[in-house]
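Using this note's numbering, you'd call the opening residue of the sequence shown number 7 and step up by one each time.
For each residue, glycine too, the CB sits at the ideal point set by N, CA and C.
This report refers to the structure that appears directly beneath it.
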Amino acid sequence: MKIYIIAVGKIKENYISDGIVFYLKKSRPYCEIEIKEVEEEKAPQNLSEKEKKEILRKEGERVLSKIKKRSFVVSLAIEGKEIDSYKFSQFIKATFQSGYREMTFVIGGSLGLWGNIKKQSHLNLSFSKMTFPHQLMRLILLEQIYLAFSGENHL
Numbered sequence: 007m008k009i010y011i012i013a014v015g016k017i018k019e020n021y022i023s024d025g026i027v028f029y030l031k032k033s034r035p036y037c038e039i040e041i042k043e044v045e046e047e048k049a050p051q052n053l054s055e056k057e058k059k060e061i062l063r064k065e066g067e068r069v070l071s072k073i074k075k076r077s078f079v080v081s082l083a084i085e086g087k088e089i090d091s092y093k094f095s096q097f098i099k100a101t102f103q104s105g106y107r108e109m110t111f112v113i114g115g116s117l118g119l120w121g122n123i124k125k126q127s128h129l130n131l132s133f134s135k136m137t138f139p140h141q142l143m144r145l146i147l148l149e150q151i152y153l154a155f156s157g158e159n160h161l
């Protein structure tokens, strides 16, 4: 089982990097996880709607170039489907049991995720209606993947 996380931008905070390394190590007995970063476009304040769409398109094309054709793709999007940790665990296991060898999770940049990626994804998933920094979302996702495989989410 292989999981890819494609994320726009680099991690800038040490505490987030430390948490990511922690959950990557804890997940190794269960699955292989690879993080692929794509460059984030500069997004100055007061962007026009046209400028925002162009930035999302550029970042989105970079993301699409990293997605493997046979992977089950899950885009993290605030308007996506909400599930709890237990159902997330069941979802991951069911996806791999259905014949997929790879899952790809996509995390957009500070402006979100290009609509074409969400349309092409097998699932748009929301971790909350709240907005989280995209860097922190990477850590939260890794923690949930670890819980899904370790069985520690069955409270």
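What do you reckon, are the CB atoms on residue i and residue j nearer than 7 Å?
{"i": "Leu148", "j": "Leu82", "result": "no"}
{"i": "Val79", "j": "His140", "result": "no"}
{"i": "Thr101", "j": "Ser77", "result": "no"}
{"i": "Ser95", "j": "Ala154", "result": "yes"}
Report the rounded CA-to-CA distance for residue i versus residue j, giving the unit in angstroms.
{"i": "Gly105", "j": "Gly114", "result": "27 Å"}
{"i": "Met136", "j": "Lys32", "result": "27 Å"}
{"i": "Ile11", "j": "Glu19", "result": "18 Å"}
{"i": "Glu55", "j": "Ala49", "result": "12 Å"}
{"i": "Gly25", "j": "Leu145", "result": "6 Å"}
{"i": "Lys87", "j": "Val27", "result": "28 Å"}
{"i": "Lys42", "j": "Ile17", "result": "12 Å"}
{"i": "Asn52", "j": "Leu30", "result": "37 Å"}
{"i": "Lys125", "j": "Gly157", "result": "31 Å"}
Can you tell me the Cβ-Cβ gap for residue i and residue j, rounded? I've got them flagged as a contact below 8 Å.
{"i": "Arg68", "j": "Glu45", "result": "6 Å"}
{"i": "Leu170", "j": "Lys58", "result": "Coverage of the chain is limited to positions 7 through 161, which leaves residue 170 absent and any answer about it impossible."}
{"i": "Val112", "j": "Ile98", "result": "About 15 Å; that fails the 8 Å criterion."}
Given residue i, which residues of its chain have a CB within under 8 Å of its CB, disregarding the five upstream and five downstream residues?
{"i": "Leu142", "result": "Ile22"}
{"i": "Lys74", "result": "Tyr10, Glu108 and Thr110"}
{"i": "Phe133", "result": "Leu82, Glu88, Met143, Ile146, Leu147 and Gln150"}
{"i": "Phe138", "result": "Ile146"}
State yes or no: is the beta carbon of residue i nearer than 7 Å to at least one beta carbon in chain C?
{"i": "Lys8", "result": "Protein chain content of the structure displayed is limited to a single chain, and chain C is not contained in it."}
With a CB to CB cut of under 6 Å and the five nearest residues on each side skipped, what residues in its chain are close to residue i?
{"i": "Leu161", "result": "Interpretation of Leu161 is limited by its pLDDT of 43, a score under 50 that renders its predicted location unreliable; no figure is taken from the coordinates."}
{"i": "Val14", "result": "Val44, Glu46, Glu65, Gly114 and Gly115"}
{"i": "Met7", "result": "Cys37 and Phe102"}
Near residue i, what residues of its chain come up, given a Cβ to Cβ distance below 7 Å and the 5 sequence neighbours on each side ignored?
{"i": "Arg63", "result": "Trp120"}
{"i": "Tyr162", "result": "No statement about residue 162 is possible, as the shown extent of the chain runs from 7 to 161 and does not include it."}
Who pairs with residue i in a beta bridge, going by DSSP?
{"i": "Ile11", "result": "Ile41 and Phe111"}
{"i": "Lys32", "result": "Note: Lys32 sits in no beta bridge, so no partner."}
{"i": "Lys87", "result": "Leu131"}
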